[in-house]
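Numbering (the numbering used here), first residue to last: 50 to 543.
Beneath this line is the structure, given in structure tokens, with notes to follow.
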């Protein structure tokens, strides 16, 4: 062979070798990443080739599937449907052919589509038998009656949120947010239908932001509901040893190192008031001074035991509630009554009420009870987990007695339930620069049955732009909603 031909042969051999190496690299190294790449159209086609499994509440599906409309460009076979979609959207999230998925629909997408590795053996058998692949189910901890009570209670109030928890397990029983949206309206990929519905929901077009999950993702100033945490800190650190011991609380009270007086709402008996009286009538001066006396480190330690400054995963992520880490003494006083930079999600404040109700034990909140294979075999089950111990049993019971006084004869009387012991705390949180906006109305509570068990703890926040400013109180707007949620849980257990 002459020299030019030999060079061409070597060059062609190298090209073939490079091609073989590239081919093997794609098939064996990149195979999984290419197979699962979201830009791979076949991934999306496969996801919607069969009906998704369901999200289950109280044994019944709150989701479904329907044949996609054939419009010449749609090669997706099925799209997601929802029952009472707006009510359940804060739980389910959405699964859209055009806009992806969120919350449980996204987190458990593998189970719902049948693509989860834990279903590999079952899918292999189905391939052998020729059976079409099916999706599994996500069984939630939600209580349908409690969710309905929460959602309907909020509807008449405009914007707001509710979170309810089983104190003994941490199971989430209700998670409502208004205004809301129906995920069915953009579950397909039609530009004229789904695209328009999606665009209409975006915040720039809808300032009320219906897609915002206010129960998990919005942090509000908690106002006087945070006084429960401050009372817990006082008891845990031995500043006061009982609910009925007089506190060292002058009136008027000037914030430390300032000439600014901390005001109370109205003419209420706060001078040297006991913590029971101070919680019942909601004394800013008493709890502000308690916070300043304890100092920022002790207040921060107690707040973080309740879950502040940490994200929660339910498994849907909840924003971290905030208790400031850098404060001077007057700022510590303000933070201890739920002002300054203190901010909390409704889930966080439900956790506070839950820990008090469960004799000081805070359980990790969760909303998925189990994952099921298509034949209903259990793939995984959630075991309740203790998260922390913010209070001793003795101090928790002291705080229970204080919160129960609030409902018996204080600002929370509208949460009373016949035959049930209810503990609660109202809050009216300042909003806007120099409190220029209408305040937020809060109520946190728990219900205790005659046998001593506590099946539910609730937090409600209402942003009621329609109410007169003077009528916006936690006891007036939020407590009745909490009552209806607690009653729904109690009645469902009968």
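The beta carbon of each residue, even a glycine, is placed where N, CA and C say it ideally should be.
Check: Cβ pair residue 314, residue 302 closer than 9 Å; Outcome: no
Check: Burial state of residue 534 (16 or more Cβ within 10 Å); Outcome: buried
Check: Nearest residue (CA-CA) to residue 136, options 264, 304 and 477; Outcome: 264
Check: Cβ distance (whole Å) where residue 112 is taken to contact residue 183 below 8 Å; Outcome: The pair is not a contact, with the Cβ atoms about 14 Å apart (cut-off 8 Å).
Check: Contacting residues, own chain, Cβ-Cβ under 6 Å from residue 509 (five flanking each side not counted); Outcome: 211, 492, 527, 530 and 531
Check: Nearest candidate by alpha-carbon position, reference residue 218, set 145, 488 and 403; Outcome: 403
Check: Cβ separation of residue 214 and residue 365, assumed to be a contact under 8 Å, to the nearest whole Å; Outcome: That pair is no contact at about 14 Å.
Check: Proximity of residue 456 and residue 494 at Cβ, strictly below 9 Å; Outcome: yes
Check: Residue 389 vs residue 370 beta-carbon contact at 9 Å; Outcome: no
Check: Euclidean distance between Cα positions of residue 462 and residue 323; Outcome: 20 Å
Check: Three or more C-beta pairs below 8 Å linking the region 283-296 and the region 442-458; Outcome: yes
Check: The region 128-143 / the region 229-236 touching (three or more Cβ pairs under 8 Å); Outcome: yes
Check: Residues of its chain near residue 481, where Cβ-Cβ distance is below 6 Å and the 5 sequence neighbours each way are ignored; Outcome: Residue placement at residue 481 cannot be trusted, given a pLDDT of 46 that sits under 50; what the coordinates show is reported in the next sentence. Cβ within range, chain order: n/a, list empty.
Check: Cβ-based burial, residue 411 [other Cβ within 10 Å; buried from 16]; Outcome: buried
Check: Reference residue 279; option with closest CA among 347, 101 and 91; Outcome: 347
Check: Rounded straight-line distance, which links the Cα of residue 320 to that of residue 413; Outcome: 38 Å
Check: Assigned secondary structure, residue 166 (DSSP; H/G/I helix, E/B strand, else coil); Outcome: helix
Check: Where residue 535 sits in the DSSP three-state scheme; Outcome: helix
Check: Reduced DSSP secondary structure (H/G/I, E/B, other) of residue 236; Outcome: coil
Check: Residue 228 versus 427, 71, 246 and 208, residue with shortest Cα-Cα distance; Outcome: 208
Check: Straight-line Cα distance separating residue 405 from residue 460; Outcome: 19 Å
Check: Neighbour-count burial assignment, residue 61, 16 or more Cβ in a 10 Å radius; Outcome: exposed
Check: Segment contact, 8 Å Cβ cut-off, at least three pairs: the region 139-157 with the region 416-423; Outcome: yes
Check: The region 239-247 contacting the region 419-427, beta-carbon criterion three pairs below 8 Å; Outcome: no
Check: CB contact flag (residue 452, residue 349, <9 Å); Outcome: no
Check: Close Cβ partners of residue 475 (< 6 Å) along its chain, the five nearest in sequence each way excluded; Outcome: 460, 461, 492, 523 and 524
Check: Residue(s) in a DSSP beta bridge with residue 97; Outcome: The partner list for residue 97 (beta bridge, DSSP) is empty, contrary to what the question assumes.
Check: Pairwise C-alpha distance: residue 186 and residue 168; Outcome: 12 Å
Check: Cα-Cα separation between residue 361 and residue 368, rounded to whole angstroms; Outcome: 7 Å
Check: Residues near residue 483 in its chain [Cβ-Cβ closer than 7 Å; skip 5 each side]; Outcome: Confidence in residue 483 is poor, its pLDDT being 46 and thus under 50, which makes the residue's placement too unreliable to answer from.
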